[in-house]
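Numbering (the working numbering), first residue to last: 7 to 229. By construction, the Cβ of each residue, glycine as well, lies at the ideal position given by its N, Cα and C atoms. It should be emphasised that the depicted structure is a prediction, and the values quoted were computed from it without experimental measurement. Notes to accompany the following structure.
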């Protein structure tokens, strides 16, 4: 495990009132439903187990259980200003989560893998919804977004530099939950997902059988 946090992870340090996952909180979030519940509370504000269950397609008993687990881990808390004896409201304790896989001990690698898989699934779902609803947006918003991928040949240092630069660009703009941000004319919430994924080739073997391309169709151009 590296002795110093990489520069591109330092650049991604979270906003105030954010959570840096440790062993206990990582284990609590090592469940896809809890990741989704926490995300909904942060995105849409305080809610009840019943309302969350409706969004998630679960029963309220299951959602209540996961809320209690999140509360035990210090990730959510009751919103006493809204709730009552019969109708408990919950809110996220933090604005965002920061997770550094470099800091995960060997004993928590399994929890880390589950958490990362849940986050990846959330990102994939968000892209699917955006693609589905694209043509329903006003024309100006249809043309403003982007859904692109690029294949680059980079070193580890170059890859880290790209991440640092991307985070630097994003930091120049208003966070969605910035006080007064909704007063800016024509502004709406825009989600920017950053995924930079090294894809290392498998090690070559001298006895490997060469792959033939006979009969293969020409590759379609990438867009």
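Subject >> CA-to-CA distance, residue 65 to residue 73, given in whole angstroms >> reply: In the chain shown, residue 73 corresponds to position 67, counting from 1. In the chain shown, residue 65 corresponds to position 59, counting from 1. Taking the straight line joining both Cα atoms gives about 13 Å.
Original post:
Cα separation between residue 96 and residue 33?
Top reply: Along the chain shown, one-based indexing puts residue 96 at 90. Along the chain shown, one-based indexing puts residue 33 at 27. Distance between the alpha carbons of residue 96 and residue 33: 20 Å.
Original post:
Just reading off the beta strand (DSSP E) that residue 25 is part of, what are its end residues?
Top reply: Here residue 25 refers to the residue found at position 19 of the chain shown. Note, residue 25: beta strand (DSSP E), 24-26.
**OP:** Would you mind working out which of 26, 41, 169 sits nearest residue 125, comparing C-alpha positions?
**Re:** Taking the chain shown and counting its residues from 1, the one referred to as residue 125 is at position 119. If you compare the alpha carbons of 26, 41, 169 with that of residue 125, the shortest gap goes to 41.
Subject >> Distance CB(residue 47)-CB(residue 100) smaller than 7 Å >> reply: One-based indexing of the chain shown puts residue 47 at position 41. One-based indexing of the chain shown puts residue 100 at position 94. Result no, Cβ atoms of residue 47 and residue 100 do not sit closer than 7 Å.
Original post:
Which residues in the same chain as residue 195 place their Cβ atom closer than 6 Å to its Cβ, once the five residues preceding and following it in sequence are excluded?
Top reply: Numbered from its first residue, the chain shown carries residue 195 at position 189. Only 182 meet the Cβ criterion.
**OP:** Using the Cα positions of residue 58 and residue 45, report the straight-line distance between them to the nearest angstrom.
**Re:** In the chain shown, the residue the question calls residue 58 occupies position 52. In the chain shown, the residue the question calls residue 45 occupies position 39. Rounded to whole angstroms, residue 58 to residue 45 spans 11 Å at the Cα level.
Original post:
Where does residue 97 sit, in a helix, a strand or coil, going by DSSP?
Top reply: One-based indexing of the chain shown puts residue 97 at position 91. Strand at residue 97.
Original post:
Does DSSP put residue 218 in a helix, in a strand, or in coil?
Top reply: Working through the chain shown from its first residue, we reach residue 218 at position 212. A caution first: residue 218 carries a pLDDT of 42, below 50, which makes its placement in the model unreliable, though a value can still be read off. Coil, per DSSP.
**OP:** Return the chain-ordered list of same chain residues with a C-beta closer than 7 Å to the C-beta of residue 127, the five sequence neighbours on each side being excluded.
**Re:** Taking the chain shown and counting its residues from 1, one reaches residue 127 at position 121. Result list for residue 127: 38, in chain order.
Original post:
Can you list, in chain order, the residues of its chain whose CB lies under 6 Å from that of residue 216, leaving out five sequence neighbours each side?
Top reply: Position 210 of the chain shown, counted from the first residue, corresponds to residue 216. In this predicted model, residue 216 has a pLDDT of only 48, less than 50, meaning its place in the structure is not dependable; the value taken from the coordinates is given anyway. Excluding residues within five positions, none has a Cβ falling inside 6 Å.
Subject >> Neighbourhood of residue 22 by C-beta, 8 Å cutoff - its chain only, sequence neighbours within 5 removed >> reply: Translated into the one-based positions of the chain shown, residue 22 becomes position 16. Closer than 8 Å at Cβ, skipping near neighbours: 101.
Subject >> residue 156 versus residue 90 - alpha carbon distance >> reply: The count along the chain shown starts at 1 and reaches residue 156 at position 150. The count along the chain shown starts at 1 and reaches residue 90 at position 84. Roughly 51 Å between the two C-alpha positions.
**OP:** Answer yes or no: do residue 190 and residue 176 have a C-beta to C-beta separation smaller than 7 Å?
**Re:** Start at 1 with the first residue of the chain shown, and residue 190 comes out as number 184. Start at 1 with the first residue of the chain shown, and residue 176 comes out as number 170. Not in contact: residue 190 and residue 176 (Cβ atoms no closer than 7 Å).
Subject >> For residue 102, three-class secondary structure by DSSP >> reply: As a position in the chain shown, residue 102 is number 96, starting the count at 1. Strand.
Original post:
Relative to the alpha-carbon of residue 28, which residue among 85, 145, 118 has its alpha-carbon at the smallest distance?
Top reply: Indexing the chain shown from 1 puts residue 28 at position 22. Of the listed residues, the one whose Cα sits closest to residue 28 is 118.
Original post:
Nearest CA to the CA of residue 116: which residue from 36, 30, 31, 206?
Top reply: Residue mapping note: residue 116 aligns to position 110 of the chain shown, counting from 1. Minimum Cα distance to residue 116 is reached at 36.
**OP:** Measure the Cβ-Cβ separation of residue 70 and residue 82 and say whether it is below 7 Å.
**Re:** Here residue 70 corresponds to residue number 64 of the chain shown, with the count starting at 1. Here residue 82 corresponds to residue number 76 of the chain shown, with the count starting at 1. It is not a contact, given that the beta carbons lie outside the stated cut-off.
Subject >> Sequence-distant residues of the same chain with beta carbon closer than 6 Å to residue 105, five excluded per side >> reply: As a first step, residue 105 is located in the chain shown; it is residue number 99 there, counting from the start. Excluding the 5 residues flanking it on each side, residue 105 has same chain C-beta neighbours closer than 6 Å at 27, in chain order.
Subject >> Per-residue DSSP class, three states only, for residue 196 >> reply: As a first step, residue 196 must be located in the chain shown, where it is residue number 190. Here residue 196 sits in coil by DSSP.
**OP:** Could you pull out every residue in the same chain whose Cβ sits closer than 8 Å to the Cβ of residue 161, ignoring the five residues on either side in sequence?
**Re:** Start at 1 with the first residue of the chain shown, and residue 161 comes out as number 155. Cβ neighbours of residue 161 beyond the five flanking positions: none.
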